[in-house]
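Below you'll find the structure, written out as structure tokens, and then a few comments.
Numbering (the working numbering), first residue to last: -14 to 265.
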């Protein structure tokens, strides 16, 4: 199911709070009640969409377990702590069993519960099928798909207790394909299918499973990929030209969609497009 979304996310985030409450408290306080006391794991939290999501969740009252293969996740956790909110950093590779076990274990040890899992960590290795070597293909699948499987299988027993939610970060290319992105497109397409399978499997447990499909987003990862091309500025212009809104998405815009999916109690098996019209 592909959704085009142009509504005001924040209006829906506090819809479950009573009108009498909203009459007494500020709008942002009503929003905060949605995640107050909840614990979220956010993978790939060291930069880009993951960083924006971790900070937005904290602003809305969540305890955030920031995970990343890079030490930059520690900076994000420290930023959240400086806001007066709870956060820890667990360094790890989501494609490794030991790392995922440590991530979930430290989350439960620290906060004694898990309510939200955001599977955001991912990599992009350019290439077509005929010029992608097996090592790059396998690494893409390991991070982008296996990582989601490994963390989800460990999180689900805890999410059963809290009637929690999993949000997988897929991509607009999963719905439309993209030139020179065979492994990446395949991995994100797998996430869309896996999201729907999990939504069906865990519906009776009242665990919701959704995915978000961002368009090209202004992140450090995008900057690094463009820098490796012969003419980065020309490549940037070409990337922008394929965006119907003629600009890249911003990480915080994707984070708002993830926050919506974490609180929208009637959404499961949903693939939310936040792509500036890219997949139309």
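Even glycine gets a Cβ: it sits at the ideal position worked out from N, Cα and C.
In the three-state DSSP reduction, residue 258 falls in the strand class (E or B).
Straight-line spacing of the CA atoms in residue 120 and residue 223 works out to 29 Å. With contacts defined as CB atoms closer than 9 Å, residue 140 and residue 149 qualify as a contacting pair. Under the DSSP assignment, residue 182 falls outside any beta strand (DSSP E), being part of the alpha helix (DSSP H) whose first and last residues are 167 to 186. Taking residue 104 as reference, the option from 250, 173, 210 and 43 with the minimal CA-CA separation is 173.
Taking 9 Å as the cut-off, the Cβ atoms of residue 112 and residue 168 count as close. In the three-state reduction of the DSSP assignment, residue 28 falls in the coil class. From the listed residues 67, 166 and 89, the smallest Cα separation to residue 52 is found for 89.
9 Å or more divides the Cβ of residue 192 from the Cβ of residue 221. Under DSSP, residue 74 forms a beta bridge with 51.
Comparing alpha-carbon positions, the option among 135, 235 and 78 lying closest to residue 202 turns out to be 235. Comparing alpha-carbon positions, the option among 229, 251 and 225 lying closest to residue 263 turns out to be 229. If you look at residue 102, you'll find it in the beta strand (DSSP E) that goes 101 to 104.
Beyond the five residues adjoining it in sequence on each side, residue 165 comes within less than 7 Å, by CB distance, of 111, 112 and 113 in the same chain, given in chain order. Contact check between the stretch 23 to 36 and the stretch 236 to 244: three or more CB pairs, one atom from each, fall below 8 Å, which counts as touching. With fewer than 16 other CB atoms across the displayed protein chains lying within 10 angstroms of its CB, residue 188 is exposed.
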